[in-house]
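Presented below is the structure to which this report refers.
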Amino acid sequence: MTSQHPADTADVLASKKQAFQIPDGVIYLDGNSLGVLPKHVPARIAQVINEEWGNSLIRAWNTHSWIDLPARTGDRIGKLIGAPAGTVVACDSTSVNVFKVLSAALALRPMRKVILSDNGNFPTDLYVASGLKQLLDKGHKLKVVDPEAVKDAIGEDVAVVMLTQVDYRTGRVHDMADITRAAHEAGALAMWDLAHSAGAIPVDLHGAGADFAVGCGYKYLNGGPGAPAFLYVAPEHQDKVTSPLTGWMGHEAPFAFDLDYRPVSGISRMTVGTPAILALSSLHAALDVFEDVDMADIRRKSVSLSELFIAEVEAKCPQLELASPRDPNARGSQVSFRFKEGYAVMQALIDRGVIGDFRAPDVMRFGFTPLYLSHQDIVDAVEILKDILDTESWNRPEFKTRAKVT
24 MTSQHPADTA DVLASKKQAF QIPDGVIYLD GNSLGVLPKH VPARIAQVIN EEWGNSLIRA
84 WNTHSWIDLP ARTGDRIGKL IGAPAGTVVA CDSTSVNVFK VLSAALALRP MRKVILSDNG
144 NFPTDLYVAS GLKQLLDKGH KLKVVDPEAV KDAIGEDVAV VMLTQVDYRT GRVHDMADIT
204 RAAHEAGALA MWDLAHSAGA IPVDLHGAGA DFAVGCGYKY LNGGPGAPAF LYVAPEHQDK
264 VTSPLTGWMG HEAPFAFDLD YRPVSGISRM TVGTPAILAL SSLHAALDVF EDVDMADIRR
324 KSVSLSELFI AEVEAKCPQL ELASPRDPNA RGSQVSFRFK EGYAVMQALI DRGVIGDFRA
384 PDVMRFGFTP LYLSHQDIVD AVEILKDILD TESWNRPEFK TRAKVT
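FYI, the numbering for the sequence shown is 24 to 429, going by my numbering.
Have a look at this one:
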């Protein structure tokens, strides 16, 4: 394996790799599932534990502004997704936020009963929508169509168009501005899941006119396993909606301990319970790596990495079938290939230090995180993939045994 690919000599993001803790001998192509640990985060968490919690104790809610951490972290995420200050809050999980935001959106369109989504949406979003419509018991329907059919399916009965911007299996990208515009023209609202977008591709929620959005903190944002998620509510909706989970942190005066609920003004009304300070502190600190980075540079390198990967795989691994859009403008920051024994091949890759993941029934996913990947990493990874396929070293019992997490 050579030491440096020519494209890496002009990489404006090359120095960022040093900010991450990447084990020796590992090429990590799974940042679309769990981001890498930024090196400075453990020290920050130790500080929160030992100094803030350890010494300040309960006083830290004020002296270290713990109480404002969901909003402060939300504003940092907002800069990466085209959201103005005061429109994003970091809290709960993506699934819980889908429940809260979808419920709030449906309440704004009480005479419409259709939730429109597509079969490329992340399943948890569909599960939550199904559960919510049963809970509401007001005749709502979940309509699921092919991704290409979404615009034509937006009729006058649609209350909310609920989509994941980047398809978790294939990386296919929806045109947020175009679909949001179509939704608004039909009188519907647009709700976007940015789990595979935030920190990976440029997003402009405000410019696109999006009404609501959700996303997670542990993929491209590198907040750590189970990191808090985030949600966005457009300014014009904030004081019209109420979370269906009316917890004390969304109250106008949480420490007045009134028995009646009065929602606070603004985005904080979508919060529920006590924020998870250790997890939020990790996410907040991890976002430091984006402070001096232009999302346009991230996108350019992402496309360069993924185009190189596709070219290398198709030249050296003809057994695999491209499952992602060929046009990079229609693709997020991941590339997927299909292979009947994809699970076993992925386990063999992981055994050789190339970490991606697998999605049933036959999709091998490879994520491209420009902050800590080089073009040489891509070339080296494909060489290992080629060897595994050519020698069929994947064809071993231990590589075919399914683990709980794939």
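All C-beta atoms, glycine included, are put in the ideal place defined by N, C-alpha and C.
On a predicted model such as this, the values are computed, not experimentally measured, just so you know.
CB contact flag (residue i, residue j, <7 Å)
{"i": "I300", "j": "P393", "result": "no"}
{"i": "G194", "j": "R323", "result": "no"}
{"i": "Y255", "j": "A276", "result": "no"}
{"i": "D262", "j": "S291", "result": "no"}
{"i": "S56", "j": "D374", "result": "no"}
{"i": "R361", "j": "V386", "result": "yes"}
{"i": "N120", "j": "A252", "result": "yes"}
{"i": "S359", "j": "S347", "result": "yes"}
{"i": "A106", "j": "P93", "result": "no"}
{"i": "H307", "j": "T96", "result": "yes"}
{"i": "A209", "j": "I177", "result": "yes"}
{"i": "N142", "j": "V167", "result": "yes"}
{"i": "S304", "j": "V59", "result": "no"}
Counterpart residues of residue i in DSSP-defined beta bridges
{"i": "F381", "result": "M387"}
{"i": "F360", "result": "L345, M387"}
{"i": "V168", "result": "D141"}
{"i": "I50", "result": "V377"}
{"i": "M214", "result": "M185, F235"}
{"i": "Y366", "result": "The partner list for Y366 (beta bridge, DSSP) is empty, contrary to what the question assumes."}
{"i": "L254", "result": "V112, V237"}
{"i": "P431", "result": "Nothing can be reported for residue 431: it is not among the residues displayed for the chain, which extend from 24 to 429."}
{"i": "F43", "result": "P61"}
{"i": "V196", "result": "V189"}
{"i": "R354", "result": "R195"}
Nearest-angstrom Cβ-Cβ length linking residue i and residue j, presumed shorter than 8 Å
{"i": "G232", "j": "H197", "result": "Contact doesn't hold; Cβ gap of about 14 Å is too wide."}
{"i": "V49", "j": "I378", "result": "6 Å"}
{"i": "L165", "j": "L149", "result": "7 Å"}
{"i": "Q23", "j": "D53", "result": "For residue 23 there is no data in the structure shown, the boundaries of the chain being 24 and 429."}
{"i": "D115", "j": "V405", "result": "About 39 Å separates the two Cβ atoms, so there is no contact after all."}
Cβ-based neighbour list, residue i, same chain, cut-off 8 Å, excluding 5 preceding and 5 following
{"i": "R425", "result": "Y366"}
Residues near residue i in its chain [Cβ-Cβ closer than 7 Å; skip 5 each side]
{"i": "A338", "result": "none"}
Contacts around residue i, its chain only, beta-carbon distance under 6 Å, and the 5 residues preceding and following it disregarded
{"i": "T265", "result": "P286"}
{"i": "M24", "result": "Low confidence applies to M24: its pLDDT is 49, below 50, so where it sits in the model is not reliable, and the reading given next is rough at best. Around M24: D403."}
{"i": "T429", "result": "F381"}
{"i": "V316", "result": "none"}
{"i": "F332", "result": "V358, I401"}
Cutoff 7 Å: residue i Cβ touching any chain B Cβ
{"i": "I90", "result": "No chain B is present in this structure, which holds just one protein chain."}
### Message
Using a Cβ distance threshold of 8 Å, determine whether the segment 267-287 contacts the segment 239-247, with at least three qualifying pairs required.
### Response
no
### Task
Decide if the segment 213-220 is in contact with the segment 176-191; the criterion is three or more beta carbon pairs, one per stretch, under 8 Å apart.
yes
### Query
With contact counted as at least three CB pairs below 8 Å, one residue from each stretch, are the segment 174-182 and the segment 124-141 in contact?
Cβ pair count under 8 Å is three or more, so yes.
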